[in-house]
Amino acid sequence: MPLPSQPITLSAQQVADLNRKLSTLRHDINNQLSLIMAAVELIRYKPEMTDRMIATLVEQPPRVAAALAGFSTEFEQTFGITRG
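Numbering (my numbering), first residue to last: 878 to 961.
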């Protein structure tokens with residue numbers, strides 16, 4: 878992954894935008910992890926809910942991956958990082 882060869886200067890607004898996006902990413906991932914934990918707890922205490930909770934469990938990893946990919950793309954664009 879080639880990095881820029883020159884120093885990068887970001888405006889205060891760009892830093893604030895990245896910080897906001899990172900905060901949103903953390904919040905979203907925490908929500909998805911909370912759903913996973915809740916589903917596991919429900920399965921533990923109410924095994925009859927396993928089929929319903931498996932759907933919740935299966936949905937979360939792609940959502941986490943998509944959120945990370947979205948942030949990574951914006952981060953790389955902001956800093957001029959290109960994928961090789």
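Each residue gets a CB set at the ideal place from its N, CA and C atoms; glycine is no exception.
Predicted model only: the values in this text are computed from it and were never measured.
Cut-off 6 Å between Cβ atoms - residues of its own chain near residue i, not counting five sequence neighbours on either side
i      : result
PRO881 : GLY957
Simplified DSSP state of residue i, which is helix, strand or coil
i      : result
ARG960 : coil
ILE885 : coil
LEU860 : Here the chain has residues from 878 to 961 only, and residue 860 is not among them.
LEU934 : helix
PRO939 : helix
Residue interval of the alpha helix (DSSP H) (run including residue i)
i      : result
GLU918 : 889-922
Inter-residue spacing [alpha-carbon to alpha-carbon] between residue i and residue j
i      : j      : result
ASN896 : PHE948 : 11 Å
ILE931 : THR886 : 46 Å
GLU936 : GLN890 : 34 Å
LEU919 : LEU945 : 27 Å
PRO938 : ARG921 : 20 Å
GLU925 : GLN954 : 47 Å
ARG929 : ALA893 : 40 Å
LEU910 : HIS904 : 10 Å
Own chain residues within Cβ distance below 8 Å of residue i, not counting five before or after
i      : result
ILE899 : Just to set this straight, residue 899 is Leu in the shown sequence, not Ile. Answer for LEU899: PHE948, listed in chain order.
Same chain only: Cβ atoms within 7 Å of residue i, ignoring 5 sequence neighbours per side
i      : result
LEU934 : ILE913 and ALA916
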